[in-house]
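K.L.:
Under our numbering, the first residue of the sequence shown is numbered 35, with each subsequent residue one higher.
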Amino acid sequence: MSLRAKDPVVYSAIKSFKLEKIDEKLVQIQFPSSSAKQEFDKISIEFFNHFRHKVNNHSVVFDFKHEPQNLKQEVLTTKKIFEKFVEINPLLKDLDDLMKFDLS
35 MSLRAKDPVV YSAIKSFKLE KIDEKLVQIQ FPSSSAKQEF DKISIEFFNH
85 FRHKVNNHSV VFDFKHEPQN LKQEVLTTKK IFEKFVEINP LLKDLDDLMK
135 FDLS
C-alpha cells in the first residue's frame, strides 16, 4: 500500500521535500516548513531504512535544511493558466474577447 493511500496527511506534507546528493555518504533533505518536517518524523525511520536498503549503502547520513522559498508551490487557477498561454500566444486574448470564456 502506498503512502498516499495509507496516510494522505503525511503524503501531502512531504511531497514537496527535495533530496540532494552532496557526496557518497551525505544526502541533504530540503523541507518547506517545520510542520512538514514533523509529519516526516512520523515515518522517518521506515523511510531511512528503506532508502539505505534500496541504494545498498547503510552509511548514508541525512542532513536537514529548511528551504521555504525554493519549495513553495504556486496555486494555478484557470485564469492564471490562460494568462500564461496569452503571453505565449497573444491571439488567445482576441479569442477570449470574441468568445467570452468563463475563466473564473
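Every residue, glycine too, gets a C-beta built ideally from N, C-alpha and C. On a predicted model such as this, the values are computed, not experimentally measured, just so you know.
1. Per DSSP, GLU54 forms a beta bridge with which residues?
2. According to DSSP, is HIS87 helix, strand or coil?
3. Let me make sure I understand the geometry here. Which of SER50, VAL94 and ASP75 has the alpha-carbon closest to that of LYS59?
4. Residue range of the alpha helix (DSSP H) that ASP128 falls in?
5. Beta carbon of LYS52, beta carbon of VAL61: below 8 angstroms?
P.N.:
Inspection of the coordinates gives the following:
1. Along the sequence shown, read from residue 1 onward, the residue named residue 54 stands at position 20. According to DSSP, which records beta bridges pairwise, GLU54 is partnered with GLN62.
2. Against the sequence shown, residue 87 aligns to sequence position 53. Residue state, collapsed to three classes: helix.
3. Position 25 of the sequence shown, counted from the start, is the residue given in the question as residue 59. Taking only the C-alpha atoms, the option nearest LYS59 is VAL94.
4. Position 94 of the sequence shown, counting from 1, holds the residue named residue 128. Here the alpha helix (DSSP H) through ASP128 covers 125 to 133.
5. Locating residue 52 in the sequence shown gives position 18, counting from the first residue. Locating residue 61 in the sequence shown gives position 27, counting from the first residue. The answer is no: Cβ separation not under 8 angstroms.
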